[in-house]
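For the protein sequence lines, the chains are A and B, in the order given. Add 847 to the 1-based position in the first sequence for the working numbering, that's all there is to it. Add 208 to the 1-based position in the second sequence for the working numbering, that's all there is to it. For every residue, glycine included, the Cβ atom is placed at its ideal position computed from N, Cα and C. Working notes, structure below.
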Amino acid sequence: DTAVSQTPKYLVTQMGNDKSIKCEQNLGHDTMYWYKQDSKKFLKIMFSYNNKELIINETVPNRFSPKSPDKAHLNLHINSLELGDSAVYFCASSQDQGHGNTIYFGEGSWLTVV
Amino acid sequence: GQQVMQIPQYQHVQEGEDFTTYCNSSTTLSNIQWYKQRPGGHPVFLIQLVKSGEVKKQKRLTFQFGEAKKNSSLHITATQTTDVGTYFCADSSNTGKLIFGQGTTLQVKP
């Protein structure tokens, strides 16, 4: 069983469209994240949720809206997609929000905006 | 804001050669974690260093945390093609947010 699973793995869409990426973790963790990895492999945190509550929002455009229906799920909806949104989006989870926790990443969702 | 600088960005080595990546911060690091991302894969946790001057080994990998907790290094002895990938250091801030270095991408020529 995959610990952190996200879908879809690949997504190619046109500018202006709206798309969602879903994420689920079966580790029983309290905290979930969305990270964005650009073409230079730089990993940057976007959002963090602890037990369904937003705790970190890293000045991401409000076209990005995360939703956590329960602590095992954290979905990412993106409105009005732009070319610059093309990247790999990683969902991740950790035991809780304390520092020093190991972060477990999903396999990534490759988003290409054309 | 807090930044973690990692060098080099890329490293090409011949199989059997050693490899080192360095992580530096202008501020004291809470602790340092290292992750490996294989090509096309996702980052996978390797190790965490907590104490000043700490050294940990995993087979051919040696991880060090500086005495001042402002730098860390990962050294691979006698690289193999399976070592190919991008190695990230990451600092866990007080809020639990991981700040990643830019990563070092290692290529190994057989």
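Secondary structure of residue i, DSSP reduced to three states
{"i": "G293 (chain B)", "result": "strand"}
{"i": "L314 (chain B)", "result": "strand"}
{"i": "D865 (chain A)", "result": "coil"}
{"i": "D932 (chain A)", "result": "helix"}
{"i": "I950 (chain A)", "result": "coil"}
{"i": "K259 (chain B)", "result": "coil"}
{"i": "A286 (chain B)", "result": "coil"}
{"i": "P913 (chain A)", "result": "strand"}
{"i": "L874 (chain A)", "result": "coil"}
{"i": "S238 (chain B)", "result": "coil"}
{"i": "T906 (chain A)", "result": "coil"}
{"i": "H250 (chain B)", "result": "coil"}
{"i": "S886 (chain A)", "result": "coil"}
{"i": "K264 (chain B)", "result": "strand"}
{"i": "V851 (chain A)", "result": "strand"}
{"i": "D226 (chain B)", "result": "coil"}
C-alpha distance - residue i paired with residue j, whole-angstrom precision
{"i": "L963 (chain A)", "j": "E275 (chain B)", "result": "Nothing about residue 963 (chain A) can be read from this structure; chain A reaches only from 848 to 961."}
{"i": "I903 (chain A)", "j": "P318 (chain B)", "result": "43 angstroms"}
{"i": "Q288 (chain B)", "j": "S915 (chain A)", "result": "41 angstroms"}
{"i": "V851 (chain A)", "j": "H250 (chain B)", "result": "11 angstroms"}
{"i": "D291 (chain B)", "j": "L314 (chain B)", "result": "8 angstroms"}
{"i": "Y936 (chain A)", "j": "L874 (chain A)", "result": "20 angstroms"}
{"i": "I215 (chain B)", "j": "P908 (chain A)", "result": "30 angstroms"}
{"i": "D877 (chain A)", "j": "L306 (chain B)", "result": "16 angstroms"}
{"i": "E929 (chain A)", "j": "T229 (chain B)", "result": "34 angstroms"}
{"i": "P247 (chain B)", "j": "Y295 (chain B)", "result": "11 angstroms"}
{"i": "R268 (chain B)", "j": "A286 (chain B)", "result": "7 angstroms"}
Interface flag, residue i vs chain A, CB-CB below 8 angstroms
{"i": "Q239 (chain B)", "result": "Here the sequence assigns Asn to residue 239 (chain B), which means Gln is not the residue at that position. With 8 angstroms as the cut-off, N239 (chain B) counts as an interface residue toward chain A."}
{"i": "T236 (chain B)", "result": "no"}
{"i": "K305 (chain B)", "result": "yes"}
{"i": "T229 (chain B)", "result": "no"}
{"i": "S260 (chain B)", "result": "no"}
{"i": "H250 (chain B)", "result": "yes"}
{"i": "S300 (chain B)", "result": "yes"}
{"i": "Q211 (chain B)", "result": "no"}
{"i": "G311 (chain B)", "result": "yes"}
{"i": "F308 (chain B)", "result": "yes"}
{"i": "Q266 (chain B)", "result": "no"}
Among the options, nearest to residue i - alpha-carbon criterion
{"i": "K883 (chain A)", "options": "A:L874, A:S933 and A:D917", "result": "A:S933"}
{"i": "E225 (chain B)", "options": "B:I284, B:T312 and B:Y243", "result": "B:I284"}
{"i": "A298 (chain B)", "options": "B:Q256, B:P216 and B:R246", "result": "B:Q256"}
{"i": "G293 (chain B)", "options": "B:A286, B:G311 and B:I307", "result": "B:G311"}
{"i": "Q861 (chain A)", "options": "A:K887, A:C938, A:I925 and A:Q942", "result": "A:I925"}
{"i": "N898 (chain A)", "options": "A:D917, A:F911 and A:T906", "result": "A:D917"}
{"i": "I868 (chain A)", "options": "A:T854, A:W881 and A:W957", "result": "A:T854"}
Contact test: residue i Cβ vs the ligand SAH heavy atom, cutoff 7 angstroms
{"i": "K883 (chain A)", "result": "The model on display carries no ligand, and the ligand SAH is accordingly not part of it."}
Chain B within 8 angstroms of residue i, Cβ atoms only
{"i": "K869 (chain A)", "result": "no"}
{"i": "K888 (chain A)", "result": "yes"}
{"i": "F937 (chain A)", "result": "yes"}
{"i": "S895 (chain A)", "result": "yes"}
{"i": "F911 (chain A)", "result": "no"}
{"i": "E954 (chain A)", "result": "yes"}
Contact between the segment 267-284 of chain B and the segment 939-951 of chain A (3+ Cβ pairs under 8 angstroms): no
- prompt: When the Cβ atoms of the segment 230-242 of chain B are set against those of the segment 878-893 of chain A, are three or more pairs found closer than 8 angstroms?
  reply: no
field: the segment 921-933 of chain A contacting the segment 215-227 of chain B, beta-carbon criterion three pairs below 8 angstroms
entry: no
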